[in-house]
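**Student:** Residue numbering for the sequence shown follows the UniProt record's numbering, beginning at 1 and increasing consecutively.
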Amino acid sequence: MILMQLSQLTKRFGAELILSDIHLEVQTNDRIAIVGRNGAGKSTLLKVMAGEMGYEEGNIFQSKETTVGYLEQHSGLESDGTIWEEFSRVFDNLKKMENKLRDMETEMADPDRFPSPEDYQAFLEDYDRKQNEFKTKGGYQYEADMKAVLQGLNFPESMWSQPIATLSGGQKTRLALGKHLLTKPDVLILDEPTNHLDIDTLTWLEGYLQGYPGAVVIVSHDRYFLDRIVNTVYEVALQRVKKYTGNYSDYLQKKEADFEQEMKQYEKQQGEIKKMEDFIQKNIVRATTSKRAQSRRKQLEKMEKVEKPKDDAKSAKFSFQINRRSGNDVLKTNQLGFGYPDSDYLFKDVSLDVSRGDSIALIGPNGVGKSTLLKLLTEQFSPSHGDIVHGANVQIGYYDQEQSELNRKKTVLHELWDEYPMEDEKDIRTILGNFLFTGEDVLKPVSALSGGEKARLSLAKLMMQKANLLILDEPTNHLDLDSKEVLEAALIDYPGTLIFVSHDRYFINKIATQIVEMQPEATRTFLGDYDYYHDKKREEAELRALEEAEKDSTGEIAPSEGKRSFQQEKAAKRDERKRLRRIEEIEAKIEEWEEKIETNDDLLCKPEVYQDSEKSLELTEENKKATKEIEALMEEWEDLQTE
């Protein structure tokens with residue numbers, strides 16, 4: 001069922017064309033990603049779809065019954081109430097229905113209230129109708145839904161009575177997301193919903209959206225998230241959109257294949273045009289060939305030209321090099337701990353052993369102290385406990401997610417040139433050009449830059465250091481998808497050592513050779529990428545669940561029963577696999593026999609066969625045998641399906 005349809009839609013800001021001739025369709029259960037470079041018009045498109053912004057041309061078709069929810073980027077929940085009070089307001093209508101049902105139950109308890117049995121029966125029917133409506137709309141589970149969403153978004157029960165006004169900006173953003181999830185509109189439009197979410201919360205949100213009953217339209221720079229959620233991608237580029245079926249990885253492959261195909265078609269036609277133009281030029285003045293040349297000219301004029309495929313913008317180009325190689329032992333920490341004065345420890349017993357060439361991702365819940373640990377490693381903070389040992393010839397380059405090292409009063413050019421005054425201005429401009437600062441852009445004040453531009457400028461400064469140990473705090477924040485891919489390529493080829501914090505699981509998967517999971521009391525190291533870490537954590541969770549299931553009523557493990565139930569479960573799974581394989585074998589066999597009957601029937605229709613009584617009898621007998629085989633197989637198939 002189509003919930004929303006955009007047709008020939010055009011959007012301008014003054015004279016500037018933002019979106020042109022947009023065609024987009026949202027159907028029930030669609031999971032749509034809107035992708036494109038920063039500034040391409042993704043957020044504008046979402047606002048138009050949500051009815052938050054007008055448009056100049058085209059149409060949006062949407063039924064009156066279709067409800068739309070829109071979570072704007074960087075929006076937070078503002079309220080004078082507590083978390084629980086604000087979330088409860090989503091279900092005010094259900095609470096009114098519930099109060100009405102309670103009142104009706106009180107009335108039913110008073111038999112004198114009804115003049116006749118018929119009135120009482122009509123009242124009961126009305127009560128049943130209202131109760132069914134209440135149940136259908138989730139009246140008996142809305143509190144469970146509220147608890148599930150709050151816990152999933154990392155708000156423990158101890159916080160539910162806390163006033164929203166006292167929360168941080170990130171917490172308010174998560175609450176705004178949670179309230180939209182509970183509202184459950186037919187079309188849920190989310191602009192960067194993964195901001196301010198740690199990896200555990202992201203994983204929960206993925207599961208929630210996968211089971212969401214309506215359609216979801218998302219703008220996100222989290223490629224791992226998009227791969228797990230979406231089934232359709234609309235790319236916004238050059239004021240238009242193009243549709244791709246599949247998840248984000250499918251989109252990348254299909255986009256590349258489309259570009260190559262379009263380029264081949266363009267080059268092929270350009271070759272044909274060149275040949276025709278050469279023929280016309282050589283033969284137009286010759287009397288004997290002039291008519292043919294004129295015919296070619298008309299053919300060329302009527303030819304529908306294939307446009308050269310366009311890329312929507314330039315990509316940054318850079319790489320990280322080192323001045324000198326470090327020793328094999330790069331950095332060690334021993335039982336490192338940190339706490340602010342008059343407060344508990346933020347974390348304890350962090351032990352790292354970093355060797356040259358390692359690429360280590362630090363992950364853990366928000367607030368566990370990952371960024372603080374990086375500041376300890378770069379000697380910006382001093383540890384409360386333990387020590388840090390740097391190896392020989394180690395030169396550290398640090399990327400701060402807040403870009404606090406940038407001077408807001410300087411221009412882009414002088415932000416870099418003042419650090420390296422011996423370099424020629426031309427060389428500094430060339431480096432900035434590689435990071436997409438060209439022409440007058442280099443004279444912009446740093447204070448006027450966007451988040452993405454500041455990130456690119458910080459990376460340019462980092463590149464110039466040529467450090468052999470890069471310590472990066474959320475380096476992909478503020479970068480568009482294309483810039484992330486360029487950064488990944490640069491770090492994969494980097495000859496030094498990496499320690500980084502990131503919530504971007506796609507980035508972690510591409511870069512990390514080790515995962516260090518931080519918890520307040522200790523750290524754990526996993527030798528592999530994010531997928532390896534995720535699989536190991538899932539295995540551990542399954543083992544814990546199995547151990548819990550094997551506990552008897554006294555809370556102790558019953559070894560013989562637990563072992564037996566585990567073996568029984570394995571045997572049951574093995575039998576199930578055998579049953580499914582046998583069903584597949586039977587279906588294939590039935591198909592073979594049916595094809596045999598069809599082939600024989602075709603032969604029996606041929607004169608040279610049906611006139612040959614011996615051959616006809618042979619084919620008829622084969623068909624009878626095949627029919628019996630099919631009947632026997634069908635009987636076995638039905639028994640297996642019943643099992």
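Glycine included, C-beta positions come from ideal geometry on N, C-alpha and C.
1) DSSP three-state call for residue 714: helix, strand or coil?
2) Which residues bound the beta strand (DSSP E) around Gly337?
3) DSSP state of Ile322, grouped into three classes?
4) Counting Cβ pairs, one atom from each stretch, are 3 or more of them under 8 Å apart for the segment 378-385 and the segment 474-488?
5) Closer than 8 Å is the cut-off here; do at least three beta carbon pairs connect the segment 145-154 with the segment 27-34?
6) Tell me the residue span of the beta strand (DSSP E) that contains Tyr70.
7) So what does Gly397 bridge to, in DSSP terms?
8) Can you list, in chain order, the residues of its chain whose CB lies under 7 Å from that of Leu19, leaving out five sequence neighbours each side?
9) Compare the beta carbon distance of Tyr532 and Ile515 with 9 Å and say whether it is the shorter of the two.
10) Identify whether Phe437 lies in helix, strand or coil by the three-state DSSP scheme.
11) Roughly how many whole angstroms lie between the Cα atoms of Lys596 and Asn623?
12) Would DSSP call Leu362 helix, strand or coil?
13) Could you tell me the alpha carbon to alpha carbon distance between Glu584 and Leu633, rounded to whole angstroms?
14) Pull up the distance between the alpha-carbon of Asp427 and that of Leu457, whole angstroms please.
15) Please classify residue 648: does DSSP put it in a helix, a strand, or coil?
16) In the DSSP assignment, the alpha helix (DSSP H) including Tyr120 goes from what residue to what residue?
17) Can you tell me the Cα-Cα spacing of Asp92 and Phe114, whole angstroms?
18) Three-state secondary structure (DSSP) at Ile590?
19) Is it buried or exposed for Asp387, if we count other Cβ within 10 angstroms and need 16 for buried?
20) Look at the Cβ atom of Gln62, then the Cβ atom of Gln5, and state whether they are nearer than 9 Å.
21) Per DSSP, what kind of secondary structure is Thr430 in: helix, strand or coil?
22) Could you check the C-alpha separation between Arg564 and Glu547 for me, to the nearest Å?
23) Hey, is the segment 401-412 in contact with the segment 449-467, meaning 3+ C-beta pairs nearer than 8 Å?
24) Can you have a look at Phe437 and say buried or exposed, based on whether 16 or more other CB atoms are within 10 angstroms of its CB?
25) Which whole-angstrom value is the C-beta distance of Asp535 and Ala512, which I expect to be below 8 Å?
26) Short check: CB of Asp227 to CB of Ser249, under 9 Å?
27) Alpha carbon to alpha carbon, what distance is there between Val442 and His390?
28) Report back the beta-carbon spacing between Leu188 and Tyr212 to the nearest angstrom; my notes put them in contact at under 8 Å.
29) Give a yes or no on whether the C-beta atoms belonging to Asp198 and His503 are separated by under 9 Å.
30) Can you tell me whether Lys291 sits near the ligand HEM, meaning its C-beta is under 8 Å from at least one heavy atom of the ligand?
31) Between the beta-carbon of Val350 and the beta-carbon of Ala549, is there less than 9 Å?
32) Which residue's Cα is closest to the Cα of Gly496: Asn195, Leu331, Phe259?
33) Tell me whether Lys628 is buried or exposed, calling it buried when 16 or more other Cβ atoms sit within 10 Å of its Cβ.
34) Go ahead and label Arg625 buried or exposed: buried means 16 or more other beta carbons lie within 10 angstroms of its beta carbon, across all protein chains shown.
35) For Met463, which residues in the same chain have their Cβ closer than 7 Å to its Cβ, ignoring the five residues on either side in sequence?
36) For a test of the three-state rule: what should DSSP assign to Leu300, helix, strand or coil?
**Tutor:** Answer, in terms of the structure:
1) Residue 714 lies beyond the stretch modelled for the chain, which goes from 1 to 643, so this question has no answer here.
2) 329-339
3) Ile322 falls in the coil class under three-state DSSP.
4) no
5) no
6) 68-71
7) Leu470
8) Leu9, Thr10, Lys11, Gly41, Thr44, Leu45, Gln239
9) yes
10) coil
11) 8 Å
12) strand
13) 11 Å
14) Cα-Cα distance, rounded: 15 Å.
15) Any property of residue 648 remains undetermined from this structure, which presents the chain solely from 1 to 643.
16) 117-136
17) 30 Å
18) helix
19) exposed
20) Yes. Within cutoff.
21) helix
22) Summary for Arg564: the model assigns pLDDT 46, below 50, so the residue's position carries little reliability, and this model does not support an answer.
23) yes
24) buried
25) Between Asp535 and Ala512 the beta-carbon gap is near 14 Å, outside 8 Å, which marks them as no contact.
26) yes
27) Approximately 37 Å between the Cα atoms of the pair.
28) With 8 Å as the limit, Leu188 and Tyr212 qualify as a contact, their Cβ atoms being about 7 Å apart.
29) yes
30) As presented, the structure is devoid of all ligands, the ligand HEM included, so that no description of it is given.
31) no
32) Leu331
33) exposed
34) Looking at the sequence shown, residue 625 is not Arg but Lys. Classification for Lys625: exposed.
35) Phe318, Phe320
36) If DSSP states are grouped into helix, strand and coil, Leu300 belongs with the helices.
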